[in-house]
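Each residue of the sequence shown is one higher than the one before, counting from 4 in my numbering.
All C-beta atoms in this analysis are idealised placements derived from N, C-alpha and C, irrespective of residue type, glycine included.
This report refers to the structure that appears directly beneath it.
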Amino acid sequence: MNRFRKSMEGIRATEELKTNTLKYLEEQRKSRDCRKRHLVFRYALAAVCLLIFLAAGGYTVYREPVSYISIDVNPSVELGLNRFGRVVSAEGYNRDGKDILEQLALNNLPYMKAIERLLENERYVGLLKEDSLLVFTVISEESDSMIEQLLTNEAWNMYDAFTYTSDKVCREEAHQNEMSFGKYRAYLELAEYDESITVEDCHRMTMQEIQKRINSCGGHGDTEKEENHSRPNRGNHGGHHGAGR
């Protein structure tokens, strides 16, 4: 305000007029400062709201599963993966599967790391007997690349596992029947050859038992299907099929 006072010194006017003018200018300055602070506050509040919105949206994207892997022997475990390939859900579909997941922290791990941790678990390995059949079933728009990663993984290759693809319709039907979609896909395949088989029957069967029934069923003897459903050599694609009756 000093420069305003100096500018007023050369002006011939009553002291009252000068005082009122200076008072008016001071009030205008304060008003402008107040408006500026108000605008800054509004912009800051908008920025905070935007950050909260983006953070919430980002968290939702992170937590949303877009791909699934069913891992079945007798224990049945399903992993839900987000768009970044990290585990955001892990579900057991029988007593053994649930008990094993209680011992393992798989959430937020890259899916191959989660699978390695599962295959290194003592209890899980104890269930992989010599005649056991380990089956991986994948639901994903990136299923080919995911299976390729499985095929080149050392831990996975130790067990000469089968690999299949499936779809979300199969998964929904499987969950309606309280079964992993990997095991349900095997049931659907067996049901193609044996109409007497039921979901309840397959609930009580291991993957190896289901596969033996498939192999022994009449009408399943053509060479191509025999090759597709025999235990694959290490590193080969075993039984890579979609779901369907």
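Rounded to the nearest angstrom, what separates residue i and residue j at their Cα positions?
| i | j | result |
| --- | --- | --- |
| Met149 | Ile217 | 26 Å |
| Cys205 | Leu112 | 31 Å |
| Leu104 | Lys132 | 19 Å |
| Val128 | Val64 | 34 Å |
| Glu94 | Asp170 | 18 Å |
| Val141 | Leu130 | 22 Å |
| Thr209 | Ala177 | 16 Å |
| Arg211 | Thr168 | Note on residue identity: the sequence assigns Gln, not Arg, to residue 211. Spanning the two alpha carbons is a distance of roughly 18 Å. |
| Gly242 | Asp147 | At Gly242, the pLDDT of 46 sits below 50, so the modelled position is not reliable and the matter cannot be decided from this model. |
| Asn97 | Arg66 | 24 Å |
| Ala117 | Glu175 | 23 Å |
Please name the residue in the options whose C-alpha comes closest to that of residue i.
| i | options | result |
| --- | --- | --- |
| Val80 | Lys171, Tyr71 and Gly88 | Tyr71 |
| Arg89 | Glu105, Pro68, Pro78 and Ser169 | Pro68 |
| Glu192 | Cys173, His178, Glu181 and Arg207 | Cys173 |
| Asp163 | Ala108, Val138 and Ile200 | Val138 |
| Asn156 | Ala177, Arg188, Met115 and Arg126 | Met115 |
| Asp99 | Arg126, Ala117, Asn110 and Ser73 | Arg126 |
| Glu144 | Ile213, Asn85 and Glu212 | Asn85 |
| Ala194 | Asn97, Glu151 and Ile213 | Ile213 |
| Tyr196 | Thr209, Gln211, Lys215 and Lys101 | Lys215 |
Is residue i buried or exposed, if buried means 16 or more other CB atoms sit within 10 Å of its CB?
| i | result |
| --- | --- |
| Glu123 | exposed |
| Lys186 | buried |
| Asp134 | exposed |
| Thr166 | buried |
| Asn300 | Residue 300 cannot be examined here, being either before or after the span of the chain that is shown, 4 to 248. |
| Ser219 | exposed |
| Ser199 | exposed |
| Asp75 | buried |
| Phe87 | exposed |
| Arg207 | exposed |
| Arg188 | buried |
Using C-beta distances below 8 Å, list every residue in its chain close to residue i, excluding the 5 sequence neighbours before and after it, in chain order.
| i | result |
| --- | --- |
| Glu227 | Low local confidence applies: a pLDDT of 40 at Glu227 is under 50, so the model's placement there is unreliable, with the coordinate-based value given in what follows. Closer than 8 Å at the Cβ level, and outside the excluded window around Glu227, lies no residue. |
Apart from the five residues on each side of it in sequence, which residues of its chain come closer than 7 Å, Cβ to Cβ, to residue i?
| i | result |
| --- | --- |
| Val202 | Asn180, Met182 and Tyr190 |
| Leu107 | Arg120, Leu121 and Asn124 |
| Leu153 | Phe139, Trp159 and Thr166 |
| Lys101 | Gly95 |
Excluding sequence positions up to five away, which residues of its chain have a Cβ less than 6 Å from the Cβ of residue i?
| i | result |
| --- | --- |
| Gly83 | Pro68, Tyr71, Val91 and Ser92 |
| Ser73 | Glu81, Thr140, Ser183, Phe184 and Gly185 |
| Asn110 | Val90 |
| Leu136 | Met210, Gln211 and Gln214 |
Runs of alpha helix (DSSP H) wholly within the region 135 to 184 (minimum 4 residues, chain order): DSSP assignment within the region 135 to 184 yields the following whole alpha helix (DSSP H) runs of 4 residues or more, N-terminal first: 146 to 154, 157 to 160 and 171 to 179.
Those runs of the alpha helix (DSSP H) which lie wholly inside the region 49 to 131 and span at least 4 residues: Counting only runs of 4 or more, we get 98 to 106, 114 to 123 and 125 to 130.
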